[in-house]
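Quick note, my numbering runs 195 ahead of the 1-based positions in the sequence shown.
Where is the CB? At the ideal position from N, CA and C, for every residue including glycine.
As structure tokens, the structure follows; a few thoughts come after it.
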Amino acid sequence: MKSQAVVLLSGGLDSTTALYWAKHRGFRVVALSARYGQRHVRELSSARAVARAAGVRLHEVELDLPWLSGSSALTDRSRARPDGAVARIGKGPVPPTYVPGRNTIFLSLAASLSDAIGAESVVIGANVLDYSGYPDCRPDYLRAFERAARLGTRARRLRVLAPLLKLDKKGIVRLAKRLGAPLELTWSCYAGGGRPCGRCDSCKLRAKGFAQAGLSDEALRR
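Here you go:
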């Protein structure tokens, strides 16, 4: 029997690629998404669409964590969304889009789900090259969480897999294309609405990845 994996699925480019990587590797995939107070939930509709396209079950969790509401540009409507800072990614202070403990929260939920259903792996689309300013995307952190999860659950051999960790956005786009991931369904923009804004950091980083990969972004045609 194939081993089972819980994939953290936000609906964006990276998590969708991670999900299709897990499918390609032969895992029986269960996806997990969370609403944690982000300014829009457009990405969650993309997560549902991706899960349907992949033919995997999606667990959705809604979290009431009021301390996150004013702690990040992704959760605080009074803060301007950052733009024009693509060149600074990976350098300088932690970006204003960092949500305190977000990956710790998500990985804990995934570890709990894994423990409940007997999954052997948790898959996360973390990337240290594009988002190295986020402390919870560092390889040391992911290894430490894996050790803690093994100690704190019945899943003594639980693995935390981050297949995109050392890929740049160009490499992620190319991998997604090779895996047949439905990138036209994904959403990376910090803004909500019907179409990506094209101005925020995330849109610019995504556009840079597609341009360097020599590919067009099908999500912009919808």
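Counting the other CB atoms within 10 Å of its CB gives Pro358 a total of 16 or more, which places it among the buried residues. With a beta-carbon spacing of about 18 Å, Val245 and Leu308 fall beyond the 8 Å limit used to define contacts.
Spanning the alpha carbons of Arg234 and Cys332 requires a straight line of approximately 22 Å.
Across the structure, Gly366 and Asn322 are spaced so that their CA atoms are roughly 11 Å apart. With contacts defined by Cβ atoms closer than 7 Å, Gly232 and Thr292 do not form a contacting pair.
Per DSSP, reduced to three states, the secondary structure at Gln407 is helical. Excluding sequence positions up to five before and after Cys384, its CB lies within less than 7 Å of the CB of Pro391, Cys392, Cys395, Ser397, Cys398, all in the same chain and listed in chain order. Ranked by how close their Cα comes to the Cα of Leu378, the residues Arg345, Asp259, Ala414, Val355 have Ala414 in first place. The bridge partners DSSP lists for Val202 are Ala226, Val318. Excluding the 5 residues flanking it on each side, Leu324 has same chain C-beta neighbours closer than 6 Å at Asp363, in chain order.
Put simply, of Val368, Val202, Gly328, Ser198 the residue whose alpha carbon is nearest the alpha carbon of Leu304 is Val202.
Nearest to Val317 by C-alpha distance, out of Ser240, Leu370, Phe340, is Phe340. Judged by DSSP in its simplified three-state form, His254 adopts strand. For Leu356, DSSP records a beta bridge to Val318. Put simply, of Gly387, Ser267, Ser411, Gly388 the residue whose alpha carbon is nearest the alpha carbon of Arg369 is Ser411. Between Thr212 and Ala371 the beta-carbon gap is near 4 Å, inside 8 Å, which marks them as a contact.
Measuring C-alpha to C-alpha distances from Ser266 to each of Arg297, Gly207, Arg345 identifies Arg297 as the nearest. Taking the Cα positions, Leu302 is about 19 Å away from Pro261. Cβ atoms of Leu239 and Val224 stay farther apart than 8 Å, at about 18 Å.
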